[in-house]
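*Asks:*
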Amino acid sequence: MAKVWFVGAGPGDPELITVKGQRLLAQAGAVLYAGSLVNQAATLYAPAGSRVRDSKDMTLDDITAWLIDQARQHDTVVRLQTGDPGLYGALTEMVRPLDQAGIDWAVVPGVSSALASAAVAGETLTLPEVTQTVILTRVSGRTPMPPGEELEALAAHRTTLCIFLSITLLAHVQKALLAAGWPADAPILVVQKASWPGEEKIVRGTLQDIRDRCRAEKINSQAMIIASPALGARYWPEIRHSKLYDAGFSHRFRKASKP
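In this note's numbering, the protein residues as written are 195 to 453.
Here it is in structure tokens:
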């Protein structure tokens, strides 16, 4: 029975696709990839003779019609999406027409650019007694934010913020975080094309100067903004250690050592 697979291609490095995603690509009769965001190298896992199409010039109706048409010709059809399909991937909009057409589908998760950005910068998104919460969000642009999800309101929690799709609105990000009480010298990390071989850029700065630093590096697209009280923790004189590895902390795999 034919099936459409929505596969997370990961953040850019074609080797960061999951083993399952790579296997599905290798057996796909048709692949539709988001060429404006997905590294084309990931499509090289598709077999010779597979129909490979770039969706960057297609509308939602074009995309769903193509997927339905290919599912009627091939057992395995892959929609290759950047990062993870469930994050800003228009997944629900694409699967509703498939449901209506009686086309089976499933999702293979992928590595998000938020995780890749922290990884390439050598940062952690959580740190004991500093922040244990990560908020994945964006700022309002042509797509409005629902009530209560304005960046200023989310930033008031003073947790880690991974801000997608907002690099051209960095001035708004600065204003929102300052209004939420973040200090002007709060560390900010911006990573463009995290994990893309030869194209990645990492910019560190403060809330006050990060916009100027990004301008100097000509970063105006495909960039993740991370604001976190945990940024730079590896350089701090001291940090609180996780209880999981504390010799005095018992869990089901290890008894606490005696002092």
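Every residue gets a Cβ at the ideal spot worked out from N, C-alpha and C, and that includes glycine. None of these values were measured; they are calculated from a predicted model.
1. Return helix, strand or coil for R273, following the three-state DSSP convention.
2. For A265, which residues does DSSP report across the bridge?
3. Identify the residues that DSSP records as bridge partners of W199: which are they?
4. Quick one: Cα of P291 to Cα of D298, how far?
5. Give every residue of the same chain whose Cβ lies closer than 6 angstroms to the Cβ of L359, excluding the five residues on either side of it in the sequence, and list them in chain order.
6. May I ask which residues mark the beginning and end of the beta strand (DSSP E) holding R332?
7. Would you tell me roughly how many angstroms separate the C-alpha atoms of A374 and T354, rounded to the nearest one?
8. Pull up the distance between the alpha-carbon of L281 and that of I419, whole angstroms please.
9. I'd like the list of long-range same chain contacts for H366, defined as Cβ closer than 6 angstroms, with 5 residues on each side in sequence excluded.
10. Need the endpoints of the beta strand (DSSP E) that M418 sits in, please.
11. Helix, strand or coil, according to DSSP, for Y429 in the structure here?
12. Could you please give me the residues that DSSP links to P155 through a beta bridge?
13. Nearest-angstrom Cα distance between G342 and D251?
14. Just checking my contact of I361 with I413 at CB under 8 angstroms: how many whole Å lie between their CB atoms?
*Replies:* With the structure as the only source:
1. strand
2. None, per the DSSP bridge assignment.
3. V272, A300
4. 11 angstroms
5. R332
6. 328-332
7. 13 angstroms
8. 15 angstroms
9. V333
10. 417-421
11. helix
12. For the chain, the structure presents residues 195 to 453; residue 155 sits outside this window and is missing.
13. 33 angstroms
14. 6 angstroms
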